[in-house]
Amino acid sequence: MDKTPRVLLTAAAEELIDRLRKEHGPIMFHQSGGCCDGSAPMCFPVGEFKTGVNDILLGEIYGCEFYMSAFQFEYWQYTQLTLDVVAGRGASFSLEIPLGLRFIIRSQVYSKEELENLSPVSNGL
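Per the numbering used here: the sequence shown = residues 18 to 142.
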């Protein structure tokens with residue numbers, strides 16, 4: 018049985034990721050913990066945002082690593098995240114902002130069965 022993924026994404030997010038990769042090369046995500054745009058997913062070229070021991074790798078979505086701070090993970094660990102896109106300009110440094118779009122997170126609490134079969138997480142180093 019496949020493990021329950023911690024992060025999913027919509028078709029709109031896939032399209033925007035394709036567009037951003039064409040312009041910026043490989044990209045990664047870090048779920049912001051409150052700076053600038055609240056708790057928004059931030060998209061960066063790989064290597065531009067340094068992760069460390071206080072970051073958790075939740076997994077890979079559509080070829081992109083997705084991280085969250087360990088402190089924030091304490092609150093979100095029972096919630097499956099879905100990366101989506103909406104029109105609008107956020108107040109962040111994320112790659113999509115100049116395009117008039119922004120990534121957002123939709124979430125839902127795991128079922129008991131999903132919790133028992135979660136994908137493992139690892140340290141951000």
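Ideal placement from N, C-alpha and C gives every residue a C-beta, glycine not left out.
Less than 8 angstroms divides the Cβ of Gly50 from the Cβ of Gln89. With contacts defined as CB atoms closer than 8 angstroms, Cys60 and Glu113 qualify as a contacting pair. Bridge pairing for Thr99: Leu25 and Arg123 [DSSP]. 8 angstroms or more divides the Cβ of Arg123 from the Cβ of Val103. Excluding its 5 nearest sequence neighbours in each direction, Thr99 has C-beta neighbours in its own chain below 6 angstroms: Leu25 and Arg123, listed in chain order.
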